[in-house]
Structure formats: C-alpha cells, structure tokens
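Read in order, the letters of the sequence shown correspond to residues 0 to 490 in numbering that gives the first Met the number 0.
Note that CB positions come from ideal geometry on N, CA and C, so glycine has one too.
Predicted model only: the values in this text are computed from it and were never measured.
Encoded as structure tokens, the structure appears first; notes follow it.
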Amino acid sequence: MQLAFPELTVAQPASVLSAPAPYRGLYAFHKYWGKKPAEPLRYLIEHVSPDGGLVVDPFLGSGVSVLEALQAGRRAIGIDLNPAAVRISRLLAAPPPADVARLALETVAEGAKEQILDSYRTVGGKIATHFVWDGTSLAKVWVQAREGRTRAELTPCEEDLALLNSFASYRPRLLRNLRFFKNSRINCYPDLSLNDLFTGRALRNIDLLLARISDLPPAAREAMLLSLTAAVGQMSRMVFAITNRGKASGRDSGRMEVGSWVIGYWRPQQHFEVNVWNCFERRADKLVKALSSCACAHGPAVAGTIAKVCDGGAKYAIVQGNSLEILPSLPDRSIDLVLTDPPHSDRIPYLELSELWNAVLGETPSFEPEIVVSNARERGKTEREYTKAMLHFLQICAPKLKESGSLVLFFNARERTSWAYLDRFLPKAAETGLTYSGCFPLVYSASSVVQDNRDGAMKTDYGLVFSRFGRGAGFLVGIPGWVCEMPKPKT
Ligand SMILES: C[S@@+](CC[C@H](N)C(=O)[O-])C[C@H]1O[C@@H](n2cnc3c(N)ncnc32)[C@H](O)[C@@H]1O
C-alpha cells in the first residue's frame, strides 16, 4: 500500500507551534471534533523521536499524529474507541486512488441524484438549494439565480408545501436509531430521534444515498460513506441562519447566510434545510480533489497488527478499542514517543457527539469505556472517574517508553479539578521513571471549531512534556512560550 499524503514535506520550524496553517487537502475532508493541527505534531515527531522510531497515539481522533509520523519515516500506532475516528484515520492513511473515488461519486450520482433533486423541485421546475425555516414553518425557498452566483429567494408556494408534506411521515430505513442520554450541555435526550433532527425529505434522501453507496465495492463504498458522515450534519435542521453580518461595522446588511452544524444537537428557531445532494456532492468532490492532489508517495506504508509494528514488520496499526486495555499489550521500553491529545474532561463528549456519524457508518460503539466527563448523569462519567482513568493511563504508559522516550500530552481544561490527575501524578512521576520537563502553548488551526468559549477557558492547548529518566529537554529550545511550570487554570 502506498502512503500518498500531500501535506508536509519539509522539516517544521518551531514557529509552527504558534501559527499553524488552516487544514488543507485530506486533513480538510472531515471535521472530526477536536482536531489538532498537523504542523506542530510533525515538529514534535521530528524533534523528539528518532528516524524509524515508534510513535504511539492512544487517543487518535482523526489520525493526524499517525499520518505525520509515517510521513516523517517513523512507525506509528493509533488507538481510538470511536469507530468514526478509526474509519476516518484508516481512510486517510490508506486513501483510495482519486479515480476510484471519482467513479464512486459518478455511480452514486447515476443511481440517486435525479430522484433526490426531484424532491427539491419548485416553481418553474427549478431545484431549490436551501429552505429557510422559522421554527416549524417554511419561510423561504432559495434557488440559484440565472446569472452569476447570486440566489433568488422565493416565498414558498402550495406546490412546495405539498411536496414537503409528501415526506412528512417518512421514517428512516437504512439509518439506525440514535442512542442519546439526557445531556443539556449538548441538547440531547433519550427520545431525540432522527425525525426531530431532519426533515422527512432529508431522511428519505439520505436513505437513497445509503442504498446506492451500499452497492459499491469496499474501497469506493468506504470513501463515499465517510463523505456522507462529513456532510450529514449540514443536511440536518441544526444548520443555523447567520443574520445581521454587516460588512460595515454596526450596520445590518439584512442578508442571511448559511451557518454550519456546531457542537451539540441544537435546532435553532431560524435554520436551514439544505439540499441533500448538494451537501453530499460537495464533500465527496472535496475528497476526490484532495486525493487527486496527493502528489507524493513516501514509500510503502504497510499496515499490520500492533505486534507487527512493534517488531518492525509493519509500519503502522490503527486499532479500535479502549487504550487502557490495549496499551498493556505493548512490550515494555518499546515506544520512543507517546504523542497524544487525550479527552479534555468535559470539553467534548466524543461518542455522544459522534452518534450521527456512527449511525451512518452502521456502527454501535460501546459508551462504557470512554474516558470523558459527561453531563449525562446516567453515564456515571464524573470528574472522579475521569481522574482515575487518566492517572491509570499515565501509569500504563510510563514503563512502555524507552530509556530515551518522551510523552507529550496536549491538554486544556477550564476547571482546576480537571487537572487533578496531573496534580496527583506529578509528585509520584519519578517512581515511574518520568520527569515533567515543562510545557508550551499549542495554538489551534485557524479553521478549527473546538475553541472553548466559556468563561475562564484557556485559549490554547498546552503541550505537557514528560521525559523518561529526565533525559533532558534539549529539543525544546526555541519553542515559543516554553515554561518549566504547569499551566494554571483560572478556576
Ligand atoms: C481530544 S480527542 C483526539 C482528537 C485528535 N487529536 C484529532 O486531531 O482528531 C480524544 C479522543 O479520545 C478518544 N477516547 C476516549 N476514551 C478512549 C479510550 N478509553 N480509549 C481510546 N480512545 C478513547 C475519543 O474517541 C476521542 O477521539
């Protein structure tokens, strides 16, 4: 398998830690929650681990650390509990050729496009691109104006309402039901259903896409399924309308713009229903384009089991499961660098927020082993449990590092209590052979949507560096904002 990834080909300077570029190419394909920028990860991999060394990310998310490690000529192991994360990461690590994805999109278009577009047909046979909803009433129908890129905004007519009503009682056939807990933080509850989050028309159209995609051969199917996960939030009633965004400050432009699905299951009073075909095609096309621009092949990247990667028989493994159970299977003193962005306490309940994606993928993950603090009481995911699990994680990791090994942990949490596992680990770190070297601020990518805007929230993550046997921190020279103390949360 050729690893064809387009991103970083030159050694990264320390300045990338404070000014990462927006996501490009394949990294821009999917907005997995809490994505980290590529450049700083690459910088750390290049400076902290040796050529051919083993880099492990036990909380992999969308795969950036494994991909950067492979690009830098290291072996890599990535683990995540979330099937959506693992499947995105595997697609990016072993992407299909652009032609396979292009043909897949054409095949889905042949089988489903016309029928989907027909469900948006409005006056004069035009196809609506967007519907503006005000609560449960259809307020506007947008169609593409004939000239330029401007749109025409129409008042809904009888035919629009009749067409819409013809799908009102549609129940999804190929999407499994969503499993929710009562969590006010992200606005969900056990009864919340797909029919609350989508119009019947959108659900019928998603079913049509899923039916066509399921007929594709495996590699093409996976590329299209993941394109659908990347687009599905934008097909929902959770797309808010942005108003009053005047160009001259303080002036209301009166123009409405299309927002995007943001963290949580909020259905704003004023929201959009976006044409499902357009959403899907845009994402799938983005993937095809990113694959076409994968110019360089950096040699064979053979995927294998964790054991194979450890003994050098394979380059990488991306594994779905609980890190606390999987990490102990690695040999002691085998890892050069643990580079990871673990769950940040109550910032993002990943599995709850990935329900839509996992439903599209036909996955039903187990919520029980997730390390997280969730407002959903029923889950029992408290700060206390979180502290215990994270402390356990550090204790498992320490003996797996080589004598010269390091652990870099990205962390950011508003409440002092969320740092308790570090407060408890630090005094005993020396017993595990690890020494805390210091930390530096890690700025988010410009296009990241993970900023915590709550009062007292930290505006960057911190890269917390631990080295085995106090090996020294020579590689840290030149990192902007480096300090030897722990960051201090305000509350
Ligand atoms: C902060 S995110 C990582 C995001 C990643 N840095 C990226 O760029 O996409 C933390 C990840 O930990 C995963 N996770 C939570 N508990 C886990 C467990 N027990 N074992 C493995 N992964 C877990 C979540 O599914 C989530 O993807």
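- Counting only beta-carbon distances shorter than 5 angstroms to the non-hydrogen atoms of ligand 1, the qualifying residues in chain order are Y31, G33, K34, K35, F58, G60, S61, V63, D79, L80, N81, A84, N321, S322, D340, P342, Y349, P368, E369, I370.
- Take the alpha-carbon of P486 and the one of E414: they are about 12 angstroms apart.
- Spatial neighbours of I347 in its own chain (CB-CB distance under 6 angstroms, excluding positions within 5 residues in sequence) are listed in chain order as W32, G33.
- Per DSSP, H46 is one residue of the alpha helix (DSSP H) stretching across 37-47.
- A direct Cα-Cα distance of roughly 44 angstroms separates L173 from S17.
- A contact is defined here as three or more CB-CB pairs under 8 angstroms, and the region 49-65 meets this definition with respect to the region 77-85.
- L137 has W132 as its beta-bridge partners, per DSSP.
- Per DSSP, reduced to three states, the secondary structure at Y188 is coil, with no helix or strand assignment.
- When secondary structure is reduced to three states using DSSP, C293 falls in the coil class, being assigned neither helix nor strand.
- Assigned with DSSP and collapsed to three states, D159 falls in helix.
- Here V287 is near R101, since their CB atoms are less than 7 angstroms apart.
- Assignment of C438 by DSSP, reduced to helix, strand and coil, places it in the strand class.
- DSSP places A240 within a strand segment (E or B) once states are collapsed to three.
- The DSSP assignment places complete alpha helix (DSSP H) segments of no fewer than 4 residues inside the region 78-128 at 82-92, 97-107, 113-117, in order along the chain.
- Leaving aside the five residues that flank S291 on each side, the residues in its chain whose CB is nearer than 6 angstroms to its CB run, in chain order, A97.
- P488 and G124 have their C-alpha atoms spaced approximately 58 angstroms apart.
- Taking all protein chains in view, the Cβ of V63 is crowded by 16 or more other Cβ atoms within 10 Å, so the residue is classified as buried.
- Pairwise C-beta distances place the region 333-344 in contact with the region 380-393, as three or more of them are shorter than 8 angstroms.
- Your pair F392 and A229 does not check out as a contact, with CB atoms roughly 29 angstroms apart and the cut at 8 angstroms.
- DSSP, reduced to helix, strand and coil, places D460 within a strand of the structure shown.
- Look at the beta carbons and you see the region 164-180 touching the region 196-206: at least three pairs across the two are nearer than 8 angstroms.
- By the neighbour-count definition (other C-beta atoms within 10 Å, threshold 16), N176 is an exposed residue.
- The residue from Q269, K380, L227 with its alpha-carbon nearest to that of V359 is L227.
- Taken through DSSP and simplified to helix, strand or coil, I347 comes out as coil.
- The Cβ atoms of V142 and A127 lie closer than 7 angstroms to each other.
- In the structure shown, I262 falls within a coil segment according to DSSP collapsed to helix, strand and coil.
- The DSSP-derived three-state label of N274 is coil.
- In this structure, I395 is the residue among Q269, S333, I395 with its C-alpha nearest to the C-alpha of A428.
- With respect to I44, A71 sits close: the two C-beta atoms are nearer than 7 angstroms.
- Counting the other Cβ atoms within 10 Å of the Cβ of I317 gives 16 or more, which makes it buried.
- In this model, T304 and L207 are separated by some 36 angstroms (Cα to Cα).
- Contact between L53 and D335 holds: CB atoms are separated by about 5 angstroms, below the 8 angstroms threshold.
- Contact between C187 and Y264 is confirmed by a C-beta separation of about 5 angstroms, below the 8 angstroms threshold.
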